[in-house]
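In the numbering used here, the protein residues as written are 34 to 338.
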């Protein structure tokens, strides 16, 4: 059986399983039994993203816009912008310049509609001792300093590495996550079944699971959203950094790049030989996190000085 056939069988099995669940629920309801589960069958039973016709996709986007407008009391745009041609996005972060202020963390939360309670962060900033160098085992992700940077310390923010060989994609049993044509590893929240296999497989701890219904105040909602990006997520799905699809596919930088006060973050197109990201890779001392795993990240650390 080839990969295509195997993927098709997996998708059909998922849909059949959910249809069976719906039938069971209908039977229980008709017999007078009650159940607390009320899944959105339109979302659960839709075709895989790459199989959707334009009409089907437009209907899904309209349904989501209506749902979010009712939920938050304000209009919300949900787009499905396709990958750009001739583009492979990549990220570079100057370890020598990062000061550990965490503005990237909270800029990301503001832009991408993460839950405020419980708090969900897609970026984790690690504090390490300069004398020990990059030492993940003894890194402190919970440092609390009155002022940063702390003397004798340096900082390494970690998020999704958007690997060229992502283990998370390989283990997903329903193909809810994949690498898009522009190099961004995306998640379809309507297809995610919350099994967390991707979280176990990710060696960077970059994925987050919604254990509770995310709380997002209406006045803090970013209403410019993407289907595969920063639209509000439900409980029971996995989410992560997606390079701010709603920005980068429209010619803008990710929010974390814009809010960094020291210019430690760089972003660009690997296919453009004149891009800043290519200059960094060709002229700076580049460090790849957990390079021995051969996941081939498109997130590079470098030493600018």
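For every residue, glycine included, the Cβ atom is placed at its ideal position computed from N, Cα and C.
All values derive from a computational prediction rather than experimental measurement.
Nearest Cα to residue 175 within the set 148, 332 and 133: 133. Between the beta-carbon of residue 110 and that of residue 210 there is about 24 angstroms, and that puts the pair past the 8 angstroms contact cut. In the DSSP assignment, residue 301 is bridged to 123. Sequence-distant partners of residue 323 (beyond 5 residues in either direction) whose C-beta falls short of 6 angstroms from its own C-beta, in its chain, are 236. Separation of residue 183 and residue 292 (C-alpha to C-alpha, rounded to the nearest whole angstrom) is 20 angstroms. Look at the segment 204 to 269 and you find these whole runs of beta strand (DSSP E), each 3 residues long or longer: 210 to 212, 218 to 220 and 257 to 259. Under the 8 angstroms Cβ criterion, the segment 118 to 126 does not count as touching the segment 165 to 174, having fewer than three qualifying pairs. When the alpha-carbon of residue 275 is set against those of 102, 79, 95 and 146, the nearest one is in 146. In this structure, DSSP gives residue 110 an extended state, which the three-state scheme calls strand. Taking the CA atoms as reference points, residue 219 sits about 36 angstroms from residue 180. DSSP lists no bridge partner for residue 142.
Looking only at 169, 225 and 206, the smallest Cα-Cα distance to residue 238 is reached by 169.
In this structure, DSSP gives residue 80 a state outside helix and strand, which the three-state scheme calls coil.
Counting other Cβ atoms within 10 Å of its Cβ, residue 166 stays below 16 and is therefore classed as exposed.
Residue range 87 to 105 is occupied by the alpha helix (DSSP H) that includes residue 105. Residue environment for residue 178: exposed (fewer than 16 other C-beta atoms within 10 angstroms of its C-beta).
The way I'd put it, the segment 241 to 255 does touch the segment 147 to 154; three or more beta-carbon pairs between them come closer than 8 angstroms. For residue 292, the enclosing alpha helix (DSSP H) starts and ends at 288 to 292. Counting along the chain, the unbroken alpha helix (DSSP H) around residue 309 starts and ends at 309 to 316. Measuring C-alpha to C-alpha distances from residue 320 to each of 92, 126, 84 and 104 identifies 126 as the nearest. When the Cα atoms are used, residue 101 and residue 161 turn out to be separated by approximately 41 angstroms. For residue 186, there is no enclosing alpha helix (DSSP H); the residue is part of the beta strand (DSSP E) that begins and ends at 186 to 191. Between residue 187 and residue 164, the alpha-carbon positions lie close to 10 angstroms from each other. Residue pairing for residue 149: DSSP places it in a beta bridge opposite 152.
In the DSSP annotation of this structure, residue 158 is not part of any alpha helix (DSSP H); the continuous beta strand (DSSP E) holding it starts and ends at 157 to 162. Residue 332: member of the beta strand (DSSP E) spanning 332 to 336, first to last residue. Residue 297 and residue 308 have their alpha carbons spaced roughly 16 angstroms apart. Between residue 264 and residue 272, the CB-CB gap reaches or exceeds 8 angstroms. Counting C-beta atoms within 10 angstroms of its own C-beta, residue 300 has 16 or more neighbours from the protein chains shown and is therefore classed as buried. Secondary structure at residue 324: helix, using DSSP grouped into helix, strand and coil.
Considering only 253, 252 and 227, the residue with the shortest C-alpha distance to residue 201 is 227. Between the C-alpha atoms of residue 330 and residue 78 there is a straight-line separation of about 33 angstroms.
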